[in-house]
Each structure stands twice: as C-alpha cells, then as structure tokens.
Amino acid sequence: MGGNKKKPSQSNASKSQENKGGKKEEVKKTPASKTQQKQKLSVLIEEAQGLKTLDSMKAITVHSFARALGVKISVANNFLKNLESKNIIKSIGGYSGHRIYQKSK
C-alpha cells in the first residue's frame with residue numbers, strides 16, 4: 008500500500024541544488040495572450056450552410072448538429088438558440104442542455 012518513494016532523477020537533483028542558493032525567477036503570463044486565443048477559437052456558422060444541414064437531419068440536437076458542421080458544441084448551441092428566437096426551429100423535447108429541435112412549418 009505505501010510503496011516506495013519516488014527517487015529524483017539526475018536532472019531534477021541538479022536543478023534542486025541550483026535553486027537552493029539562488030533566487031527564484033518569476034515568469035508572468037500576459038492576460039492579453041489569453042484573450043487573443045479566445046478570439047481565434049470562435050467560429051461563426053453561415054446561416055445558409057446551417058439551414059441546409061438542418062434540412063438533411065431527422066432529429067436535430069446540439070451534438071449532432073455540431074458534429075455535422077465540424078464546429079464546437081457551444082457554437083452550435085448559440086446558432087440553434089438564435090434560430091429558435093427567430094421561430095425557424097422550435098424545441099420539442101429534451102431537458103437541461105439536451106434539447107431536441109424541429110423545423111417550424
């Protein structure tokens with residue numbers, strides 16, 4: 008149960024000896040790089056392409072829609088909620104984050 012303690016490798020041992028006498032160097036991360044990364048990850052779905060994909064689907068769920076378009080689930084969810092607010096599709100079942108949608112006639 009207890010097992011053996013992890014023995015430091017040669018590289019870790021030499022690093023620990025170097026840091027004992029010297030000061031620690033602090034590396035600061037810039038918050039600007041995080042915001043740039045979030046902006047790069049956002050993807051917009053063209054409405055024509057999204058509606059064409061919806062026509063070919065029997066049951067419309069967020070997960071199946073995201074898989075069909077090759078986008079993130081959050082992007083697909085925002086797109087479907089936008090279409091629901093425009094009364095293009097309507098929620099017919101499901102619960103919580105697992106909604107099932109149907110095209111309005």
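Every position in the sequence shown, counted from 1, becomes a number in the numbering used here once 7 is added.
Ideal placement from N, C-alpha and C gives every residue a C-beta, glycine not left out.
Everything numeric in this text was worked out from a predicted model, so none of it was measured.
Residues bridged to residue i (per DSSP)
i    : result
His6 : The shown model of the chain, from 8 to 112, leaves out residue 6, and the question about it has no answer.
Collapsed DSSP secondary structure at residue i in the structure displayed
i      : result
Ile80  : helix
Lys88  : helix
Lys110 : strand
Residue closest to residue i, alpha-carbon to alpha-carbon, out of the options
i      : options                    : result
Ser63  : Gln109, Phe86, Glu91       : Gln109
Asn94  : Lys112, Ser103, Asn85      : Lys112
Glu54  : Tyr102, Ser103, Lys88      : Lys88
Leu76  : Gln56, Ala66, Glu91        : Gln56
His105 : Asn84, Lys12, Lys13        : Asn84
Gly100 : Gln17, Ser92, Ala66        : Ala66
Leu90  : Arg74, Ser71, Val78, Leu61 : Leu61
7 angstroms Cβ cutoff met for residue i and residue j
i     : j     : result
Ile80 : Val69 : yes
Boundaries (first-last residue) of the alpha helix (DSSP H) holding residue i
i     : result
Glu54 : 54-62
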